[in-house]
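What follows is a single structure, written as C-alpha cells, with notes after it.
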Amino acid sequence: MGEMTVDFWKEHSKAATVEEMMLDSRAKELTQQELPEILSMLPSLKGCRVLELGAGIGRFTSHLLTMAGHVTAVDFMESFVEKNRQDNGHHSNATFIQADVTKLDLPQNSTDFIFSNWLMMYLSNEELNTFIEKMLGWLRPGGFLFFRESCNHRSGDSKRDFNPTCYRTDAQYSHLVSSVQVEEPEGAETFGFDIVLKKKVKAYIEMKNNPNQICWLLEKVPRSSNTQSGFNTFQQFLDNQQYTNRGILRYEKMFGAGYVSTGGPSTTKEFVDRLNLKPGQKVLDVGCGIGGGDFYMAKTFGAEVLGLDLSDNMVDIAMERAIAEKLPSVQFEVADATKRTFPEGSFDVIYSRDTILHIDDKLTLFKRFHSWLKPGGKLLISDYCCGEKPWTPVFEAYVKQRGYVLYTPSQYGKFLEEAGFCNVSAEDRTAQFIQVIETELQRAEAIKDEFIEEFSEEDYFAIVNGWREKLGQIIKNNKRKKGMPLSLLSMLLSLMNCLGFIKPVKDYNLRRKHAVVY
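Following UniProt numbering, the numbering of the sequence shown begins with 1 at its first residue and continues without gaps.
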C-alpha cells in the first residue's frame, strides 16, 4: 500500500475503536444494523478455510470464527491486529497476521473463502488488478470471494485532513473482477470470477440515505465454459449487448412502464392476481428486469419483494425507481439464482418470468425454490418451452447460438414434480400470445412517431419487424401436426395445495406464455 494510506491509518488507528475503524461517529449503531445483513449474504462456511483481509479490529472476525473451520485475519495496522488478537485470540481456529495484503504470498488453491471489508478502495488501480488476480489464485476452484466497498464518494463522517481513498464506481469493480483470469499450474485450466450477487447495504440506505455501500459475492469458476459472444461472463454479455441501458429503455417504451418483455402490465396483472397475495407476504422475483411486476405486487397487495436479476443495468434502473417511488418494501440485487442461497422457508411466493430458459440444470434450481418456500408457499413461473424433437435445423441452430436450454411442457412439469411440487398441469398459451403480440403491434403503430423521435427509426423497425416475424412463425408452427417441432411452446403449470405428503408441500403456479424466436 502507498505511504499516504499508511500515514492515513496511523492517524486513524490510535485508539483502535470501532469509530476509528469505520470513520463514523455512528459506528456502533451502524454495526448493529449492517453486520447481520452482511453475514446473511455469505455462503455456508462450515469447515471452510477463511482468509479475512483488512480484518481491522475484528468486527467480522469474531463471527467468521464461529462459522468457519479456520480464519486467518490479516491487517497492516499493528494496533488493529493486536486489538483483534486480544478479543478473538482465545479461539483455537484463529490466526492473526500483520501484513500489507499487496505483498502477501499464499499457496495456490489454499483458501475456500476470502472476506474483505473496505480494503480495495485503498489500493491503486495497478495494485488492485494484481491483488484480484492473487486472490483468484489463492482460492480453490468453487471457492468464494466476498468484498464490500464505499463507492462513488465517502460515507463516514469523521474529519480527515487528507484522504487517500479511491472511490470507484460499482461498475468499475464489477468489470475488474469479471475480467481477471488466472491459468492454473501447468496450464490445466483457466479460471475467473462469476458474480453470485451484488447488493447495496440496506442499513446505510435506511440510516444515512446512502446507497453507495456495495457488496459483491463472487465464485471462482472455469472460464472456458462461461464465455458467450466474446464476453468473459454471461452477465457481461447481458449488460454490454443484450440489455444495454438504451436497449432496456427501448423495450420499455414498447412494453409499458416498468416492463421489458412481451405482455407487459396486462399479463403481469393476470398472473399475479391469481396468487392471492396478502399484505406482508415475502416474494422473491427471479429475473426481475426493471421491476414492473415487483412494484405492482407491492403497491396493489402490500407484498415485500426482493427482485434478482443478473443484469447490472436492469437492477440499477429498478433500484433508482424504487427509491424515487419511496418503496422500501421492494429491494433489488444483481444475483445468479443458481448460486444464491437463502435459508429454508424464506419466502411465501417465488415468481419468475421468461428467465429460466437460460438455466441448464432446471431440476436443481427447482429444488432450491422448493427449499426457499414456506410450507404452503406458491411458485409462479412463465418461460419458453419447445416442441418434441426432431427440431428444424434453423431452430436447432438458433437455440445453440442463443445458449438456450429448452424442454417440452411435460418435461418441464416432470422436473417440478421431482423437485417436490405436486399436481402439475400444463397449458399452451399460444392463442393468448398471438393476441398479445397483435395488440402490441397496434400500440407500436400508434406511438411510432414518438418512439422514433426518442430513439430512432432503426430501433423502431428492429422491434416491430421482429414481432411480425414471430407472429408469422407462431401461426405457421401452430398449424403443424402433433409431434412436429414448434418454435417455442408456452404453458401454465398449477400446483394446488396437496395433503398427505411427509415433507411440507408448496402451492405452485407456473404460467407460460408463448413466444416465437425466429
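A virtual CB, placed ideally from N, CA and C, is assigned to each residue, including glycine. Here the structure is a predicted model, which is why all the values come from computation and not from measurement.
Distance between residue j and residue i (C-alpha atoms, nearest Å)
{"i": "E270", "j": "E438", "result": "18 Å"}
{"i": "T262", "j": "V436", "result": "8 Å"}
{"i": "M77", "j": "Q98", "result": "7 Å"}
{"i": "Y351", "j": "E189", "result": "37 Å"}
{"i": "S92", "j": "L249", "result": "55 Å"}
{"i": "D354", "j": "R443", "result": "22 Å"}
{"i": "L408", "j": "D239", "result": "Rather than Leu, the amino acid found at residue 408 in this sequence is Thr. Their backbone Cα atoms lie some 29 Å apart in a straight line."}
{"i": "S62", "j": "M22", "result": "17 Å"}
{"i": "P222", "j": "L139", "result": "12 Å"}
{"i": "Y296", "j": "Y251", "result": "19 Å"}
{"i": "F166", "j": "D361", "result": "In the sequence under discussion, the amino acid at residue 166 is Cys, which differs from the Phe named in the question. Roughly 40 Å between the two C-alpha positions."}
{"i": "M254", "j": "E458", "result": "14 Å"}
{"i": "I38", "j": "N84", "result": "19 Å"}
{"i": "V18", "j": "N117", "result": "14 Å"}
{"i": "F237", "j": "N209", "result": "32 Å"}
{"i": "E184", "j": "R148", "result": "27 Å"}
Residue i - DSSP class collapsed to helix/strand/coil
{"i": "L357", "result": "helix"}
{"i": "F115", "result": "strand"}
{"i": "Q281", "result": "coil"}
{"i": "F193", "result": "strand"}
{"i": "V272", "result": "helix"}
{"i": "Q33", "result": "helix"}
{"i": "G345", "result": "coil"}
{"i": "K103", "result": "helix"}
{"i": "G142", "result": "strand"}
{"i": "A303", "result": "coil"}
{"i": "G264", "result": "helix"}
{"i": "R340", "result": "coil"}
{"i": "K208", "result": "helix"}
{"i": "residue 572", "result": "Because the chain is modelled from 1 through 518, residue 572 falls outside the range shown and cannot be assessed."}
{"i": "I452", "result": "helix"}
{"i": "V399", "result": "helix"}
{"i": "F231", "result": "strand"}
{"i": "I350", "result": "strand"}
{"i": "T17", "result": "coil"}
{"i": "L488", "result": "With a pLDDT of 33 at L488, under the threshold of 50, the modelled position of that residue is not reliable, and no figure is offered here."}
{"i": "K367", "result": "helix"}
{"i": "I38", "result": "helix"}
{"i": "L495", "result": "Residue confidence for L495 is low, a pLDDT of 29 falling below 50, so the modelled location carries little weight and cannot support an answer."}
{"i": "S382", "result": "strand"}
Cβ shell of residue i (< 7 Å), same chain only, five flanking positions each side left out
{"i": "G302", "result": "P279, G280"}
{"i": "L217", "result": "M41, F144, F146, V196, L197"}
{"i": "D294", "result": "D285, C288, V305, G307, V330"}
{"i": "I205", "result": "P211"}
{"i": "S87", "result": "Correcting the residue identity first, residue 87 is Asp in this sequence and not Ser. Correct list, in chain order: G58, S62."}
CB contact flag (residue i, residue j, <8 Å)
{"i": "L51", "j": "I114", "result": "yes"}
{"i": "S371", "j": "E344", "result": "yes"}
{"i": "V330", "j": "A322", "result": "yes"}
{"i": "P107", "j": "K220", "result": "no"}
{"i": "S79", "j": "M121", "result": "no"}
{"i": "D285", "j": "G264", "result": "no"}
{"i": "V283", "j": "D348", "result": "yes"}
{"i": "N313", "j": "N245", "result": "yes"}
{"i": "Q235", "j": "L128", "result": "no"}
{"i": "D24", "j": "A55", "result": "no"}
{"i": "S178", "j": "F191", "result": "no"}
{"i": "residue 519", "j": "L65", "result": "Past the boundaries of the shown model lies residue 519; the chain is included only from 1 to 518, so the question cannot be answered."}
{"i": "G137", "j": "V71", "result": "no"}
{"i": "L357", "j": "Y398", "result": "no"}
{"i": "V315", "j": "F342", "result": "no"}
Residue i - partner residues in DSSP beta bridges
{"i": "A94", "result": "V71"}
{"i": "R49", "result": "H70"}
{"i": "K159", "result": "Bridge partners of K159: none, in fact."}
{"i": "D309", "result": "V334"}
{"i": "residue 520", "result": "The chain is shown only over 1 to 518; residue 520 falls outside these bounds and no answer can be derived."}
{"i": "R148", "result": "N117, C215"}
{"i": "S179", "result": "Per DSSP, none; premise fails for S179."}
Close Cβ partners of residue i (< 6 Å) along its chain, the five nearest in sequence each way excluded
{"i": "K200", "result": "P211, I214"}
{"i": "G292", "result": "G258, Y259"}
{"i": "G420", "result": "H370"}
{"i": "G256", "result": "G264, P265"}
{"i": "Q411", "result": "none"}
{"i": "A68", "result": "L45, C48, V50"}
{"i": "I317", "result": "I290"}
Same chain only: Cβ atoms within 8 Å of residue i, ignoring 5 sequence neighbours per side
{"i": "M207", "result": "R26, E29, L30, Q33"}
{"i": "R468", "result": "L441"}
{"i": "F131", "result": "V101, T102, M120, L123"}
Any C-beta of chain C under 8 Å from that of residue i
{"i": "L406", "result": "In the displayed structure, chain C is absent; only one protein chain is listed."}
Contact test: residue i Cβ vs the ligand PLP heavy atom, cutoff 7 Å
{"i": "T300", "result": "For the structure depicted, the ligand PLP is absent and the ligand set is empty, with no information on it obtainable."}
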